[in-house]
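So for the sequence shown, UniProt numbering puts the first residue at 1; every next one is plus one.
The next block holds one structure in the form of structure tokens; read it before the comments.
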Amino acid sequence: MSNNSLDKDKIKILLLEGVHQSALDALHDAGYTNIEYHKTALAEDELIEKISEAHFIGIRSRTQLTEKVLEHANKLVAIGCFCIGTNQVDLDAASAKGIVVFNAPYSNTRSVAELVLGQLILLLRGIPAKNAACHRGGWIKSAVGSYETRGKRLGIIGYGSIGTQLSVLAESLGMEVCFYDIVTKLPLGNARQIKSLKELLSTSDIISLHVPETNSTKLMIGAKEVSQMKKGSIFINASRGTVADLDAVAEAIKSGNLGGAAVDVFPVEPKGNDEEFVSPLRGLDNVILTPHIGGSTMEAQENIGIEVAEKLIKYSDVGTTTAAVNFPEVALPAQADNHRILHIHENRPGVLSKINAIFSENNINITGQYLRTTEKLGYMVMDVDAEEGELALEKVKEVDGTVKARVLF
Ligand SMILES: NC(=O)c1ccc[n+]([C@@H]2O[C@H](COP(=O)([O-])OP(=O)(O)OC[C@H]3O[C@@H](n4cnc5c(N)ncnc54)[C@H](O)[C@@H]3O)[C@@H](O)[C@H]2O)c1
Ligand SMILES: O=C(O)[C@H](O)COP(=O)(O)O
1 MSNNSLDKDK
11 IKILLLEGVH
21 QSALDALHDA
31 GYTNIEYHKT
41 ALAEDELIEK
51 ISEAHFIGIR
61 SRTQLTEKVL
71 EHANKLVAIG
81 CFCIGTNQVD
91 LDAASAKGIV
101 VFNAPYSNTR
111 SVAELVLGQL
121 ILLLRGIPAK
131 NAACHRGGWI
141 KSAVGSYETR
151 GKRLGIIGYG
161 SIGTQLSVLA
171 ESLGMEVCFY
181 DIVTKLPLGN
191 ARQIKSLKEL
201 LSTSDIISLH
211 VPETNSTKLM
221 IGAKEVSQMK
231 KGSIFINASR
241 GTVADLDAVA
251 EAIKSGNLGG
261 AAVDVFPVEP
271 KGNDEEFVSP
281 LRGLDNVILT
291 PHIGGSTMEA
301 QENIGIEVAE
311 KLIKYSDVGT
321 TTAAVNFPEV
331 ALPAQADNHR
341 ILHIHENRPG
351 VLSKINAIFS
361 ENNINITGQY
371 LRTTEKLGYM
381 VMDVDAEEGE
391 LALEKVKEVD
401 GTVKARVLF
């Protein structure tokens with residue numbers, strides 16, 4: 001499968017899930033005007049129809065770019081995830097089609113950490129239940145079950161960008177921070193890494209999850225793990241809905257084994273604001289339920305819009321793949337008066353020698369050459385004299401192992 005470069009107004013960009021205006025502004029400023037914008041995710045049929053015409057797509061966490069959907073994405077060169085998580089994209093299927101995936105790995109970190117901090121303070125004071133009672137005309141004026149944060153132990157599962165931010169913020173309140181991670185991590189401040197998940201669960205006053213959705217995190221908090229949590233402790237999940245068994249959490253809340261919970265992410269989430277939200281946690285007063293808005297602040301969304309749009313623009317304009325999630329990373333200068341051949345190939349012996357032979361046999365002058373590989377993919381970029389660009393593209397497309405080839409003017 002190959003793509004030639006097009007005039008910018010012919011490059012079709014599909015933006016879904018209401019990505020921030022800052023993304024539209026950045027794309028427009030860079031000359032990209034052929035943009036179709038949707039405030040929501042699309043149903044699979046419509047997504048397949050639209051993606052088959054798109055060169056770039058921008059999504060957030062709801063749009064599932066499965067192997068089936070990507071089979072139809074024959075013009076697509078890049079996916080921008082305007083969020084941190086990339087579990088909604090079949091990364092192997094994207095790589096196999098030579099489609100680059102970008103995300104914004106840090107832009108909403110602070111927003112999530114702040115939300116969790118606010119939730120744990122409210123839950124330690126029993127505010128959600130007291131607030132709900134007041135709304136019904138009740139009045140629970142009591143200190144019973146209300147605590148300060150000072151000296152309480154926060155157990156963080158997943159000590160990455162968000163987990164570490166939360167750790168620092170929590171220590172500034174005088175909390176004791178422990179964490180569990182599959183990787184040995186340098187603890188910030190006075191935080192301590194605990195090697196056993198069971199030990200973290202059974203000794204923490206608050207447990208907060210900050211792991212990605214992977215095979216190893218799927219239902220990592222099941223009924224057994226919930227039962228290992230300290231009596232009366234608080235459970236918080238703002239990572240992914242597949243990580244925790246919410247039926248088990250609901251049972252533990254009802255029985256009083258858990259003192260409260262805050263959950264922002266769910267195994268099944270409504271596709272839009274007009275669809276009903278269903279969860280076993282509905283109706284429990286000491287549970288804070290939020291509609292997957294951990295990263296939804298004006299600051300974060302604006303920054304994410306700029307960051308991901310810039311990554312898409314740089315890839316479209318010059319072929320740069322820096323910080324790609326699934327792709328060999330190459331930082332490229334602008335291509336002056338040359339034509340630039342982007343050749344994405346299977347990383348196997350013989351491909352490079354074949355490409356170099358083609359250039360030599362056809363007397364095509366290379367003025368710049370860049371190569372990076374991952375285990376499965378090779379990304380080779382060659383600048384050639386402008387008059388030789390079309391011929392070079394035609395020839396490299398014929399190389400066995402070619403996944404995608406384009407020329408940038
Ligand atoms: N609620 C929201 O709106 C929202 C916003 C942003 C991110 N998120 C979610 O939060 C997740 C974490 O974000 P991040 O930026 O901190 O990611 P990160 O990659 O920086 O950190 C994740 C950490 O989890 C650890 N980890 C992975 N598998 C593990 C396992 N099985 N057990 C223990 N630790 C494990 C990793 O080693 C890493 O330290 C994202 O992947 C995303 O799914 C949700
Ligand atoms: O992965 C993320 O960054 C969060 O889950 C936020 O996703 P959203 O952009 O759909 O709010």
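Glycine included, C-beta positions come from ideal geometry on N, C-alpha and C.
The DSSP-derived three-state label of lysine 12 is coil. When the Cα atoms are used, glutamate 361 and glutamate 375 turn out to be separated by approximately 29 angstroms. Counting along the chain, asparagine 237 sits inside the beta strand (DSSP E) bounded by residues 233-237. About 6 angstroms separates the beta carbons of serine 52 and asparagine 74, which is inside the 8 angstroms limit, making them a contact pair. Leucine 200 carries a helical assignment under DSSP once its states are collapsed to helix, strand and coil. DSSP links arginine 153 through a beta bridge to Glu176. Taking a contact as a CB-CB distance under 8 angstroms, the pair alanine 104 and isoleucine 79 does not count as one, their CB atoms being some 13 angstroms apart. Around the beta carbon of cysteine 134, fewer than 16 other beta carbons sit within 10 angstroms, so the residue counts as exposed. Annotation for glutamate 148 indicates a beta carbon at 8 angstroms or more from all heavy atoms of ligand 2.
Comparing C-alpha distances from valine 287 to each of Gly259, Phe266, Ala309, Pro270 shows the shortest one belongs to Gly259. Around asparagine 365, the same chain offers Asp385 as residues with beta carbons nearer than 6 angstroms, after the five sequence neighbours per side are excluded. Around the beta carbon of serine 255, a 10 Å sphere encloses fewer than 16 other beta carbons of the protein chains shown; the residue is thus reported as exposed.
Runs of the alpha helix (DSSP H) spanning 4 or more residues and lying entirely within the stretch 37-124 occur at 44-51, 67-70, 91-96, 109-124, in chain order.
In terms of Cα proximity to methionine 380, the closest of Glu269, Thr297, Leu391, Val403 is Val403. For glutamine 369, the uninterrupted beta strand (DSSP E) segment begins and ends at 366-373.
Taking a cut-off of 8 angstroms on C-beta distances, the stretch 201-208 touches the stretch 137-155, as three or more cross pairs fall below it.
When the beta-carbon positions are compared, glutamate 171 and asparagine 190 come within less than 9 angstroms of each other. A heavy atom of ligand 1 is found nearer than 8 angstroms to the CB of histidine 292. Residues whose Cβ lies closer than 5 angstroms to any heavy atom of ligand 2, listed in chain order: Arg60, Ser61, Cys83, Ile84, Gly85, Gly295. The shortest CA-to-CA distance from arginine 372 to any of Ile344, Val396, Glu398 is the one to Ile344. One Cα belongs to lysine 130, the other to leucine 284, and the distance between them is close to 12 angstroms. Around the CB of proline 128, 16 or more other CB atoms lie within 10 Å, so the residue is classed as buried.
In the three-state scheme derived from DSSP, where H, G and I count as helix and E and B as strand, leucine 209 is classed as strand.
Bounds of the beta strand (DSSP E) holding methionine 382 are 377-384. For lysine 254, the enclosing alpha helix (DSSP H) covers residues 246-255.
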